[in-house]
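Protein chains: 2
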Amino acid sequence: MSEKPQVRRKRGERASGSRGGESKVITLKVVAEHLGLSPATVSLVLNRSPAAGSIPAETQERVFAAASELNYRPNYMARSLRSRRSFSVGVLVPEISEPYAGEVMSGIERRLLETGYHYLVASHRRSNASVLHEYLDLMRDRAVEGMIVVGGELHEHPSMPAVVVSGHVPLEGVTNVVIDHDRAAAFMLGHLRELGHERIAFFKGQPSSADTQDRWRAIAAAAGELGLTLDPRLVVQLSGEPTLATFAPADGYEEGYTFARTLLDRGAEFTALFSWDDVAAMGAIRAFLDVGLRVPGDVSVVGFDDIQSAAYYNPTLTTVRQPLRRMGELAVEILLRKVSGDGGDGAAEAFVTVEPELIVRGSTGPAPSGSR
Amino acid sequence: MSEKPQVRRKRGERASGSRGGESKVITLKVVAEHLGLSPATVSLVLNRSPAAGSIPAETQERVFAAASELNYRPNYMARSLRSRRSFSVGVLVPEISEPYAGEVMSGIERRLLETGYHYLVASHRRSNASVLHEYLDLMRDRAVEGMIVVGGELHEHPSMPAVVVSGHVPLEGVTNVVIDHDRAAAFMLGHLRELGHERIAFFKGQPSSADTQDRWRAIAAAAGELGLTLDPRLVVQLSGEPTLATFAPADGYEEGYTFARTLLDRGAEFTALFSWDDVAAMGAIRAFLDVGLRVPGDVSVVGFDDIQSAAYYNPTLTTVRQPLRRMGELAVEILLRKVSGDGGDGAAEAFVTVEPELIVRGSTGPAPSGSR
DNA sequence: TGCGTGGAGTAAATCGACTTGCTAAATCGT
DNA sequence: ACGATTTAGCAAGTCGATTTACTCCACGCA
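Protein sequences appear in the order of chains A and B. The numbering of the first sequence is my numbering, which starts it at 1001 and goes up by one. The numbering of the second sequence is my numbering, which starts it at 1001 and goes up by one.
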């Protein structure tokens, strides 16, 4: 934390905008001349550099006073060019408008800004690995000090520190923040099992989503444990591609809707759906309701994530909560430790696991006794 | 557009990561030495500077080939320091995790990235004007070339080009992208009126939301036009502040929920609610359902924005569509014209208006004949 | 007297790319 | 054949801050 940008703005007065005087740009040199000191001295003092130890307190105060009075603001580019620090990181999310990404970014933002960092964002739209790495290059060209990749997978050692949220590939220098999928699957299948559900349908994640494989493995394992069989006819894989010829970005709700219809069309019976995420779950519920099924009367639906709207949907959505904001914060904390070379406390681990939570709400109920 | 960063990355090969050779950093000078030319010449050529006119095509090709071969990537800081261009803009949204912000940013991102720009984001959380201007300063310190402020209001002339989405204060150099609230209000009240609703409740926006005043004015006008009276007991103003002692950011769903209860508690009859936005509408519907009211059987509810989930909610949400993505794109287009000094086509206007659209779905129906 | 030591700063070299104003050689015009 | 262009390219200064390696002076003290 000793590394945040040094000269903080002082409140109350702003730039040259407030008063009319269209003064010149205030550079270090201007401040120095104003004080009759050299730029070097002023820089040393303002940065509280250890080398400023020999400068008397009185002089230091004069420097601070002048900087404040002239409203000196260090030139970001110059400072960064010299010191090779940009105080910014890059964030790659699947799609900025998705609730999932929004909540993770909310956590990221909070932690970053309070540390004096800023961030650049781009949506990778679940593209293939090469596009993802292209974005990485773009960000590196922008001199970011590190990357947070959300919901995508790195396949090549990145040229800077990186944290992957929901990533599963161990790469040197990369930490993955992951949820404990075994517990998540056990929670949810246990819950459905208790309610008497035997025939459970599944939405598998997009092939390019980093969580997909691990979650599916965990589901299969938990199902085995519980003596449930997975019927391939009851498993559909979301594509992540726009399903309609719209120019809108891939719409998770619509995908849920469409694939729920697919599921129904296949004709295999099921009494519950374990969706890939809350968004697809809502789309699916909409589809079930549209064909006259009751939720949870005829079909129970469970989501994943617990996005904000899950508690307000109708029916309220039973789901596995991922601490998304926390995961964002965690990603930042780990990344900044990597960046500052402070190896301690998770900064070097390949995986950091967070715990899911079972949130039982209104979209799950006892399995219907009749057939479906 | 002639101003986008010049040397584009070439695909197929990436940095030094692919092959083992941990080569030095490739600077202009290195490329120049490699070619036996001076850095000046290489710079001229790579930037397609007009001054490079005298350099023979053959040499130019050698330069490009070498840059590509060595995978030269210009140092962003150095370039920006010298040319005083950062190719980045700042974006200030109410809260990055809200669907409204997400959709606007999605439009912003698309347009910006395709132009070679990047952006920094921060959430102003509907704070007061001084906090907002503080964020502006922060971004300016980061050398952004312009600002897009979403759902907040500038009260002081910013020190750089700016576009305000849903802003209503005319300021020199600032363009506001606004929706035609008169049409929006007329659409929606007309729709409710046709369905026989006379007693309509309203959620007013947060006092700090830029749209609040204008929308309310339009609603009052449209109501007058239609011979509807606005009962103050049926108007509640959202606060934008966290309503519970949680550490979570302000939650619009919860606000809608809470204030719907407030409305019910007041005891004044109403058959329809015109919500401030879709999120609050969903919260309100949840509240109505929780106390046993049917939507739209007992109460019709209309939202505003048409966020993605509106079509998948249950009931599907009748709403006034704001072209949020388009507004984001528009904001970028205007801002970049301002930045490039090209005054044409809206870049200098104080207001640019977009049209709302009435989306009738399942949450509105005929007013009940009995009383409520 | 002469040497060392600490105090108070400073000069100047970066960081890497851009850009203005040249120069040296080749070619042209008459 | 000789000045006038054109061609091809370079040197060096900038952008603004950081940082290392000094300098200069006063004082202590042996």
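Where is the CB? At the ideal position from N, CA and C, for every residue including glycine. Keep in mind that this is a model prediction, so the values were computed, not measured.
Got a sec? Which residues, its chain only, sit under 7 Å from residue i by beta carbon, not counting five neighbours each side?
i: Phe1288(B); result: Ala1260, Val1295 and Val1299
i: Tyr991(B); result: Residue 991(B) is absent from the model: chain B starts at 1001 and stops at 1372.
i: Thr1212(A); result: Lys1204, Gly1205 and Gln1206
i: Ser1038(A); result: Ala1032
i: Leu1195(A); result: Ser1300, Thr1364, Gly1365, Pro1366 and Ala1367
i: Ser977(A); result: A query on residue 977(A) cannot be resolved here, the shown segment of chain A reaching from 1001 to 1372 and no further.
i: Leu1171(A); result: Leu1154 and His1157
i: Ser1275(B); result: Phe1203, Gly1256, Ala1281, Ala1284, Val1301, Val1302, Gly1303 and Phe1304
i: Ala1220(A); result: Leu1230
Kindly list the residues whose CB is nearer than 6 Å to the CB of residue i, restricted to its own chain and excluding five residues on each side of it in sequence; keep chain order.
i: Glu1033(A); result: none
i: Leu1226(B); result: Leu1189 and Arg1193
i: Ala1218(A); result: His1181, Asp1182 and Ala1185
i: Val1163(B); result: Ile1148, Thr1175, Ala1331, Ile1334 and Leu1335
i: Gly1090(B); result: Leu1120, Met1139, Val1144 and Met1147
i: Ser1026(A); result: Sequence inspection shows Ile at residue 1026(A); the Ser mentioned does not correspond to that position. Leu1070 and Tyr1072, listed in sequence order.
Let me check one thing: in DSSP terms, what residues is residue i bridge-paired to?
i: Leu1358(A); result: Val1320(A)
i: Ser1088(A); result: His1118(A)
i: Phe1300(B); result: Reading the sequence as shown, one finds Ser at residue 1300(B) and not Phe. Ser1300(B) pairs with Ala1272(B).
i: Asp1305(A); result: Arg1321(A)
i: Ala1162(A); result: Met1147(A) and Val1174(A)
i: Phe1351(B); result: Asn1176(B)
i: Val1093(A); result: Ser1123(A)
What number of angstroms, rounded off, separates the C-alpha of residue i from the C-alpha of residue j?
i: Gly1224(A); j: Ser1088(B); result: 52 Å
i: Arg1048(B); j: Val1354(B); result: 38 Å
i: Ser1208(A); j: Gly1152(A); result: 7 Å
i: Val1235(B); j: Asp1277(B); result: 14 Å
i: Gln1237(A); j: Ala1186(A); result: 21 Å
i: Ala1040(B); j: Leu1028(A); result: 28 Å
i: Val1174(A); j: Ile1334(A); result: 10 Å
i: Val1150(B); j: Phe1304(A); result: 30 Å
i: Pro1056(A); j: Leu1046(A); result: 13 Å
i: Arg1073(A); j: Asp1137(A); result: 30 Å
i: Ser1043(A); j: Gly1036(A); result: 14 Å
i: Leu1293(B); j: Leu1263(B); result: 13 Å
i: Ser1369(B); j: His1197(B); result: 10 Å
i: Tyr1257(B); j: Ala1210(B); result: 22 Å
i: Arg1014(A); j: Asn1128(B); result: Caution is warranted here: a pLDDT of 40 is assigned to Arg1014(A), below 50, making its placement in the model unreliable, and the coordinate value is therefore given only provisionally. Rounded to the nearest angstrom, the two C-alpha atoms are 16 Å apart.
i: Ser1340(A); j: His1118(A); result: 16 Å
i: Gly1107(A); j: Ser1097(A); result: 15 Å
i: Leu1244(A); j: Leu1070(B); result: Any answer about Leu1244(A) is weak, because its pLDDT of 49 lies below 50 and its placement is not dependable; what the coordinates show is given next. Straight-line Cα distance between these residues: approximately 43 Å.
i: Phe1351(B); j: Leu1228(B); result: 29 Å
i: Leu1273(A); j: Arg1079(A); result: 55 Å
i: His1191(A); j: His1124(A); result: 34 Å
i: Phe1247(B); j: Val1121(A); result: The pLDDT assigned to Phe1247(B) is 49, lower than 50, so where the model puts this residue is not dependable, and the model offers no usable value.
i: Asp1231(B); j: Ala1201(B); result: 8 Å
i: Ser1086(B); j: Glu1329(A); result: 28 Å
i: Ala1101(B); j: Gly1362(A); result: 28 Å
i: Arg1084(B); j: His1168(A); result: 41 Å
i: Ser1166(A); j: Glu1134(B); result: 34 Å
Which same chain residues end up closer than 8 Å to residue i when comparing Cβ atoms and leaving out the 5 residues on each side of it in sequence?
i: Ala1067(A); result: Val1007, Val1031, Val1042 and Leu1046
May I ask whether a heavy atom of the ligand FMN can be found less than 7 Å away from the beta carbon of residue i?
i: Lys1204(A); result: Annotation note on the ligand FMN: not contained in the displayed structure, which lists no ligands.
Exercise for review: Compile a chain-ordered list of the residues in the region 1294–1312 of chain A whose CB is closer than 8 Å to at least one CB of chain B.
Suggested key: Within the region 1294–1312 of chain A, the qualifying residues are Gln1308, Ser1309, Ala1311 and Tyr1312.
Point to revise | Interfacial residues, the region 1087–1114 of chain A to chain B, with Cβ spacing under 8 Å | key: Answer set for the region 1087–1114 of chain A: Ser1088, Glu1095, Ile1096, Ser1097, Glu1098, Pro1099, Ala1101, Gly1102, Glu1103, Met1105, Ser1106, Glu1109 and Leu1113.
Check your understanding: What residues in the region 1248–1268 of chain B have a beta carbon less than 9 Å from any beta carbon of chain A?
Key -> Listed by position, the residues of the region 1248–1268 of chain B near chain A (Cβ gap below 9 Å) are Ala1248, Pro1249, Asp1251, Gly1252, Tyr1253, Glu1254, Gly1256 and Tyr1257.
Point to revise | the region 1050–1081 of chain B: positions lying closer than 7 Å to chain A by Cβ | key: For the region 1050–1081 of chain B, the set of positions with a beta-carbon nearer than 7 Å to some beta-carbon of chain A reads Arg1073, Tyr1076, Met1077, Ala1078, Ser1080 and Leu1081 in chain order.
Review point. Taking the runs of the alpha helix (DSSP H) that are 4 residues or longer, which of them lie wholly in the region 1249–1284 of chain A?
Key: The region 1249–1284 of chain A contains these whole alpha helix (DSSP H) runs: 1252–1266.
Check your understanding: Where in the region 1029–1083 of chain B do unbroken runs of the alpha helix (DSSP H), each at least 4 residues long, occur, reported from the N-terminal end onward?
Key -> Qualifying alpha helix (DSSP H) stretches, in chain order: 1039–1046, 1057–1070 and 1076–1083.
Exercise for review: May I have a chain-ordered list of the beta strand (DSSP E) segments no shorter than 3 residues that lie completely inside the region 1122–1157 of chain B?
Suggested key: Listed in chain order, they are 1147–1150.
**Study point:** Contained alpha helix (DSSP H) runs [length at least 4] in the region 1171–1242 of chain A, N- to C-terminal order
**Key:** Correct list: 1181–1194 and 1211–1226.
Practice item. Check each residue of the region 1035–1048 of chain B: if its Cβ is closer than 8 Å to any Cβ of chain A, include it; give the result in chain order. Key: The residues in question: there are none.
Exercise for review: Could you run through the region 1151–1163 of chain A and flag, in chain order, every residue whose CB is less than 9 Å away from some CB of chain B?
Suggested key: Listed by position along the chain: Glu1156, His1157, Pro1158 and Ser1159.
Exercise for review: Check each residue of the region 1314–1327 of chain B: if its Cβ is closer than 7 Å to any Cβ of chain A, include it; give the result in chain order.
Suggested key: Within the region 1314–1327 of chain B, the residues whose Cβ lies closer than 7 Å to some Cβ of chain A are Asn1314, listed in chain order.
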